[in-house]
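Each remark here refers to the structure printed beneath this line.
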Amino acid sequence: MLRSERRSRNPKRRIRRLYASHVQRRGRSDGGKAQNLKYLYLKNFQVDYALKFPCYANLERLYHRRYIEHYDVQEQKILKTSYRSSNIGSKDILELAVKDFDFCQVIYREELEHLDRWVKENRLDQLKFARQKLTYCYFSAAATLFSPDLSDARMSWAKNGVLTTVVDDFYDIGGSREELLNLIQLVEKWDGNSATASCSDQVKIIFSAIYHTVNELGVKAYSWQGRNVTHHIIEIWLDLLKSMMKEAEWQLNKSVPTVDEYMKNAYVSFALGPIVLPALYFVGPKLPEEFGRCSEYHTLFKLMSTCGRLLNDMQTFQREGKEGKLNGVALRMFHGHGVSTEEEAMREMRGLIDSTRGELLGIVLETKGSLVPRECKDWFWRMSRVLHLFYMRNDGFTSPKEMVSAVNAVIHEPLNPP
Numbered sequence: 013m014l015r016s017e018r019r020s021r022n023p024k025r026r027i028r029r030l031y032a033s034h035v036q037r038r039g040r041s042d043g044g045k046a047q048n049l050k051y052l053y054l055k056n057f058q059v060d061y062a063l064k065f066p067c068y069a070n071l072e073r074l075y076h077r078r079y080i081e082h083y084d085v086q087e088q089k090i091l092k093t094s095y096r097s098s099n100i101g102s103k104d105i106l107e108l109a110v111k112d113f114d115f116c117q118v119i120y121r122e123e124l125e126h127l128d129r130w131v132k133e134n135r136l137d138q139l140k141f142a143r144q145k146l147t148y149c150y151f152s153a154a155a156t157l158f159s160p161d162l163s164d165a166r167m168s169w170a171k172n173g174v175l176t177t178v179v180d181d182f183y184d185i186g187g188s189r190e191e192l193l194n195l196i197q198l199v200e201k202w203d204g205n206s207a208t209a210s211c212s213d214q215v216k217i218i219f220s221a222i223y224h225t226v227n228e229l230g231v232k233a234y235s236w237q238g239r240n241v242t243h244h245i246i247e248i249w250l251d252l253l254k255s256m257m258k259e260a261e262w263q264l265n266k267s268v269p270t271v272d273e274y275m276k277n278a279y280v281s282f283a284l285g286p287i288v289l290p291a292l293y294f295v296g297p298k299l300p301e302e303f304g305r306c307s308e309y310h311t312l313f314k315l316m317s318t319c320g321r322l323l324n325d326m327q328t329f330q331r332e333g334k335e336g337k338l339n340g341v342a343l344r345m346f347h348g349h350g351v352s353t354e355e356e357a358m359r360e361m362r363g364l365i366d367s368t369r370g371e372l373l374g375i376v377l378e379t380k381g382s383l384v385p386r387e388c389k390d391w392f393w394r395m396s397r398v399l400h401l402f403y404m405r406n407d408g409f410t411s412p413k414e415m416v417s418a419v420n421a422v423i424h425e426p427l428n429p430p
């Protein structure tokens, strides 16, 4: 009885112990009643965060907030004497953590205000066809690239996130075939002075925003890398635009590609290239010119983007089916290959997501013979976690209500420490 009372007085410790047991047994079939009881015990203690968000869908800043708000200043941790300080206690650690989180939130709000001005200065808010998703683009950066010294990386990530959203909508619903081709031609020429003279206003706005943003990032990246990387960023954008053009032509011609043809193009058209790849230049390590041609770099990008495309296709299948758009789930059902129902296609997609995610993590953690710095590899995994959170139960990007609480927790709401 006394032992039971002692356990109940520290439910957090009990929860952690049971959660560890639950994690260790994942994937095993011998859990039985004891495992079910442990799971129910965890649910009854409302550890929603730990149960709802697996490690591959848990953004670091959200986890930090959760940990700070549930930090137990009374709990004594047993450490070796050489690792302990008689001058620093749990309350001091908590106070420092709160100050750091508050300080970062101030920075995030200032950066978000700057981005809002940037959208207006580039007239992106005047494009009626385009979704305005600035806050969610910035949130995905702030929740993972949270350190104050990564401001350039966050701004690159967020600005290119906004631009890829605009371009995606432009190739999807906003532009004529002539306008879509025109934008590609402008990026190929890369002349910001007279090239847009005969273009539509929509094309002028989009190209001008891409042109000035890429050049601005190129200048900033030079101070980090000591060399010109603007041409590489332009190549990344061209790859995206051409992949989106191919999808638009399939749609216009009512073509039905094979699953392999679709995925070969779709992982690029998912538009993570301009978001993640240029931001790598602002991580810290100096990256050699051949970095952009490294097979490991391209494999990381392909796995991350493939995972995102599969997640997106699963969550948007119903909506895109009604709109007559290409989708990986529908193509698997159309072409067969052992898949004839929606349930079978979804099961196959889930298996592909699991295996792709596992392969990505394996490369990120690999140290032998790796040419990509670990700091850079981590960013591919971080974006994968963002994608799993966004598409966990819905399309969080198209249905923003799913993401409001997460955005507020990272950027706006003050901490509520114990």
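If you count the sequence shown from 1, position 224 lands on 236 in this note's numbering, and the numbers rise without skipping. In this text, a Cβ means the ideal position worked out from N, Cα and C, and glycines have one as well. Computed from a predicted structure; not experimentally measured.
N-terminal and C-terminal residue of the alpha helix (DSSP H) that G429 is part of: In the sequence shown, the residue the question calls residue 429 occupies position 417. For clarity, residue 429 is Pro in the given sequence; the question names Gly instead. First-last for P429: undefined, no H or E at that position.
Beta-carbon proximity check, M316 vs M395, cutoff 7 Å: Working through the sequence shown from its first residue, we reach residue 316 at position 304. Working through the sequence shown from its first residue, we reach residue 395 at position 383. Going by C-beta atoms, M316 is nearer than 7 Å to M395.
Member of Y150, R143 and D251 whose CA lies at the smallest distance from the CA of V422: Along the sequence shown, read from residue 1 onward, the residue named residue 422 stands at position 410. Nearest to V422 by C-alpha distance, out of Y150, R143 and D251, is Y150.
Rounded to whole angstroms, what's the CA-CA distance from L401 to A155? Just pull it up for me. Here residue 401 is taken as the residue at index 389 of the sequence shown, counted from 1. Here residue 155 is taken as the residue at index 143 of the sequence shown, counted from 1. Whole-angstrom Cα-Cα distance: 11 Å.
Are V295 and C388 closer than 7 Å when you measure CB to CB? Taking the first residue of the sequence shown as 1, we reach residue 295 at position 283. Taking the first residue of the sequence shown as 1, we reach residue 388 at position 376. Result yes, Cβ atoms of V295 and C388 sit closer than 7 Å.
Tell me the residue span of the alpha helix (DSSP H) that contains L264. In the sequence shown, residue 264 corresponds to position 252, counting from 1. Residues T242 to L264.
Rounded to a whole number of angstroms, what is the C-alpha to C-alpha distance between E228 and K111? Indexing the sequence shown from 1 puts residue 228 at position 216. Indexing the sequence shown from 1 puts residue 111 at position 99. Using only the alpha carbons, I get a separation of about 32 Å.
Within a Cβ cutoff of 7 Å, which residues of the same chain sit near A431, ignoring the five residues on either side of it in sequence? Limits of the chain in this structure are 13 at one end and 430 at the other, which puts residue 431 out of reach.
Best match in A342, P290, G333 and L284 for proximity to G320 [C-alpha to C-alpha]: For the purposes of this step, residue 320 is identified with residue 308 of the sequence shown, where counting begins at 1. Cα-wise, what sits closest to G320 is L284.
Could you give the distance in angstroms between the alpha-carbon of E72 and the alpha-carbon of R166? Stepping through the sequence shown from its first residue, residue 72 is reached at position 60. Stepping through the sequence shown from its first residue, residue 166 is reached at position 154. The alpha-carbon atoms of E72 and R166 are separated by roughly 15 Å.
Starting from the C-beta of D137, find all residues in its chain whose C-beta is less than 7 Å away, skip the five residues before and the five after it, and write them out in chain order. The count along the sequence shown starts at 1 and reaches residue 137 at position 125. So the list reads V131 and Q144, once near-sequence residues are dropped.
Y403 - DSSP class collapsed to helix/strand/coil: Counted from its first residue, the sequence shown places residue 403 at position 391. Y403 falls in the coil class under three-state DSSP.
Note down the Cα distance separating S281 from L253, rounded to an integer number of angstroms. In the sequence shown, residue 281 corresponds to position 269, counting from 1. In the sequence shown, residue 253 corresponds to position 241, counting from 1. About 8 Å.
Find the nearest neighbour of E125 within the set H424, L192 and E107, judged by alpha-carbon distance. Against the sequence shown, residue 125 aligns to sequence position 113. Selected option, being the one with the closest Cα: H424.
Sorted by chain position, which residues of the same chain lie with C-beta nearer than 8 Å to I196's C-beta, five sequence neighbours on each side aside? The sequence position of residue 196 within the sequence shown is 184, counting from 1. Excluding sequence neighbours, I196 sits near L250, L253, K254 and M257.
Relative to the alpha-carbon of H76, which residue among C116, I217 and E332 has its alpha-carbon at the smallest distance? The residue labelled residue 76 in the question sits at position 64 within the sequence shown. It is C116 whose Cα lies nearest to the Cα of H76.
On a Cα-Cα basis, can you pick out the residue from F219, F346 and A170 that is closest to V268? Position 256 of the sequence shown, counting from 1, holds the residue named residue 268. The candidate whose alpha carbon is nearest that of V268 is F346.
C-alpha distance - S94 paired with I245, whole-angstrom precision: The residue you call residue 94 lines up with position 82 of the sequence shown. The residue you call residue 245 lines up with position 233 of the sequence shown. Interpretation of S94 is limited by its pLDDT of 49, a score under 50 that renders its predicted location unreliable; no figure is taken from the coordinates.
Ends of the alpha helix (DSSP H) at T156? Locating residue 156 in the sequence shown gives position 144, counting from the first residue. Careful: T156 lies outside any alpha helix (DSSP H) and carries neither H nor E.
Measuring straight from C-alpha to C-alpha, what distance separates I185 and E335? Sequence index remark: in the sequence shown, residue 185 carries index 173 (1-based). Sequence index remark: in the sequence shown, residue 335 carries index 323 (1-based). Looking at the two C-alpha atoms, the distance is approximately 11 Å.
For N265, count neighbouring C-beta atoms within 10 Å of its own C-beta (all shown protein chains included) and say buried if the count is 16 or more, exposed if not. As a position in the sequence shown, residue 265 is number 253, starting the count at 1. Exposed, because fewer than 16 other Cβ atoms sit within 10 Å of the Cβ of N265.
Taking the beta carbon of N172 as the centre, do at least 16 other beta carbons fall within 10 Å, making it buried, or is it exposed? Within the sequence shown, residue 172 is the residue found at index 160, counting from 1. By the 10 Å Cβ count, N172 comes out buried.
What does the Cβ neighbour count give for D42, buried or exposed, with the cut at 16 atoms within 10 Å? Taking the sequence shown and counting its residues from 1, one reaches residue 42 at position 30. Note that D42 scores 47 on pLDDT, short of 50, meaning its location in the model is unreliable; the coordinates nonetheless yield the value given after this. By the neighbour-count rule (16 or more Cβ atoms within 10 Å), D42 is not buried but exposed.
Assigned secondary structure, M415 (DSSP; H/G/I helix, E/B strand, else coil): Position 403 of the sequence shown holds residue 415. When secondary structure is reduced to three states using DSSP, M415 falls in the coil class, being assigned neither helix nor strand.
Nearest-angstrom Cα separation, counted from R386 out to P286: For the purposes of this step, residue 286 is identified with residue 274 of the sequence shown, where counting begins at 1. For the purposes of this step, residue 386 is identified with residue 374 of the sequence shown, where counting begins at 1. Approximately 20 Å, taken between the alpha carbons.
Start and end of the alpha helix (DSSP H) containing R166? Start at 1 with the first residue of the sequence shown, and residue 166 comes out as number 154. Annotation for R166: the continuous alpha helix (DSSP H) segment containing it runs S163 to D181.
For P269, does the three-state DSSP call read helix, strand or coil? Here residue 269 is taken as the residue at index 257 of the sequence shown, counted from 1. Coil, per DSSP.
If we count the other Cβ atoms within 10 Å of its Cβ and call it buried at 16 or more, is P290 buried or exposed? Here residue 290 refers to the residue found at position 278 of the sequence shown. Buried: at least 16 other Cβ atoms inside 10 Å.
What three-state label does DSSP hand Y150 in the structure shown? Taking the first residue of the sequence shown as position 1, residue 150 is located at position 138. Reduced to three states, the DSSP call for Y150 is helix.
Please state whether DSSP places F329 in a helix, a strand or coil. Position 317 of the sequence shown, counting from 1, holds the residue named residue 329. F329 sits in a helix when the DSSP states are folded into three classes.
Roughly how many angstroms lie between the CA atoms of S417 and L338, to the nearest whole one? For the purposes of this step, residue 417 is taken as the residue at position 405 of the sequence shown. For the purposes of this step, residue 338 is taken as the residue at position 326 of the sequence shown. Distance between the alpha carbons of S417 and L338: 31 Å.
In whole angstroms, give me the CA-to-CA distance for A357 and L198. Sequence index remark: in the sequence shown, residue 357 carries index 345 (1-based). Sequence index remark: in the sequence shown, residue 198 carries index 186 (1-based). Looking at the two C-alpha atoms, the distance is approximately 39 Å.
With 16 other Cβ atoms within 10 Å as the buried cut-off, status of N12: As shown, the chain starts at 13 and ends at 430. That puts residue 12 outside it, with no answer to give.
Exposed or buried, S152, counting other C-beta atoms within 10 Å across all chains shown (16 or more means buried)? As a position in the sequence shown, residue 152 is number 140, starting the count at 1. Buried.
How would you call L377, buried or exposed, if buried means at least 16 neighbouring beta carbons within 10 angstroms? By 1-based counting over the sequence shown, the position of residue 377 is 365. Exposure of L377 is indicated by the presence of fewer than 16 other C-beta atoms within 10 angstroms of its C-beta.
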